[in-house]
Amino acid sequence: MKLTCALIVTLLFLSITAGDSRGKHRYNALKSMSREANSTERECREKGQGCTNTALCCPGLECEGQSQGGLCVDN
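Just so we're aligned, residue 79 is where the sequence shown starts under our numbering, counting upward by one.
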(Lines of atoms letter the chains of each structure in order from A; the text may use other names.)
(Lines give C-alpha, C1' and ligand atoms only; values in the text may rest on other atoms or scores of the structure.)
Protein backbone atom coordinates (compact mmCIF):
# COMPACT_ATOMS: atom_id res chain seq x y z
CA MET A 79 0.00 0.00 0.00
CA LYS A 80 2.77 2.44 0.94
CA LEU A 81 4.66 1.56 -2.22
CA THR A 82 1.58 2.22 -4.36
CA CYS A 83 1.03 5.63 -2.72
CA ALA A 84 4.68 6.55 -3.17
CA LEU A 85 4.51 5.52 -6.82
CA ILE A 86 1.37 7.59 -7.45
CA VAL A 87 2.86 10.67 -5.77
CA THR A 88 6.07 10.29 -7.79
CA LEU A 89 4.18 9.97 -11.07
CA LEU A 90 2.06 13.03 -10.30
CA PHE A 91 5.15 15.05 -9.43
CA LEU A 92 6.94 14.01 -12.64
CA SER A 93 3.94 14.72 -14.84
CA ILE A 94 3.47 18.19 -13.33
CA THR A 95 7.14 19.15 -13.72
CA ALA A 96 7.31 17.76 -17.27
CA GLY A 97 4.25 19.74 -18.35
CA ASP A 98 5.55 22.93 -16.76
CA SER A 99 8.84 22.97 -18.70
CA ARG A 100 7.38 22.24 -22.12
CA GLY A 101 8.84 24.48 -24.83
CA LYS A 102 11.56 25.93 -22.60
CA HIS A 103 15.27 25.36 -23.09
CA ARG A 104 16.79 24.39 -19.79
CA TYR A 105 20.40 25.19 -20.64
CA ASN A 106 21.82 28.20 -22.47
CA ALA A 107 24.04 25.92 -24.55
CA LEU A 108 20.93 24.33 -26.03
CA LYS A 109 19.58 27.76 -26.94
CA SER A 110 22.73 28.75 -28.78
CA MET A 111 22.94 25.38 -30.53
CA SER A 112 19.37 25.60 -31.77
CA ARG A 113 19.89 29.21 -32.85
CA GLU A 114 23.02 28.19 -34.74
CA ALA A 115 21.26 25.25 -36.38
CA ASN A 116 18.44 27.52 -37.58
CA SER A 117 20.81 30.17 -38.90
CA THR A 118 21.02 30.36 -42.69
CA GLU A 119 24.16 32.51 -42.65
CA ARG A 120 27.39 30.80 -41.70
CA GLU A 121 30.88 32.21 -41.55
CA CYS A 122 33.14 30.98 -44.31
CA ARG A 123 36.84 30.13 -44.05
CA GLU A 124 39.41 32.34 -45.77
CA LYS A 125 42.32 31.12 -47.91
CA GLY A 126 44.80 29.12 -45.81
CA GLN A 127 42.36 28.46 -42.97
CA GLY A 128 41.25 24.98 -41.98
CA CYS A 129 38.01 23.56 -43.37
CA THR A 130 35.71 20.61 -42.76
CA ASN A 131 32.24 19.43 -43.79
CA THR A 132 30.70 21.96 -41.40
CA ALA A 133 33.29 24.78 -41.69
CA LEU A 134 33.10 25.63 -45.38
CA CYS A 135 35.45 27.78 -47.47
CA CYS A 136 34.39 31.18 -48.81
CA PRO A 137 33.17 31.46 -52.42
CA GLY A 138 35.98 31.02 -54.96
CA LEU A 139 37.88 28.67 -52.64
CA GLU A 140 37.74 24.91 -52.21
CA CYS A 141 38.62 22.63 -49.33
CA GLU A 142 41.61 20.49 -50.21
CA GLY A 143 42.43 17.43 -48.10
CA GLN A 144 39.13 17.64 -46.26
CA SER A 145 39.26 14.07 -44.93
CA GLN A 146 42.47 14.87 -43.00
CA GLY A 147 41.52 18.37 -41.88
CA GLY A 148 41.75 20.37 -45.08
CA LEU A 149 42.83 23.87 -46.04
CA CYS A 150 40.99 26.43 -48.14
CA VAL A 151 42.80 27.00 -51.44
CA ASP A 152 41.99 28.80 -54.71
CA ASN A 153 39.69 26.97 -57.15
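Glycine is no exception: its CB is placed at the ideal position from the N, C-alpha and C atoms. None of these values were measured; they are calculated from a predicted model.
CB of residue i within 7 angstroms of CB of residue j, strictly
| i | j | result |
| --- | --- | --- |
| E142 | N153 | no |
Classification of residue i by the beta-carbon crowding that lies within 10 angstroms, buried from 16 upward
| i | result |
| --- | --- |
| G126 | exposed |
| C83 | exposed |
| G148 | buried |
| C135 | buried |
8 angstroms contact criterion, which residue i and residue j should meet: CB distance rounded
| i | j | result |
| --- | --- | --- |
| Q144 | C129 | 6 angstroms |
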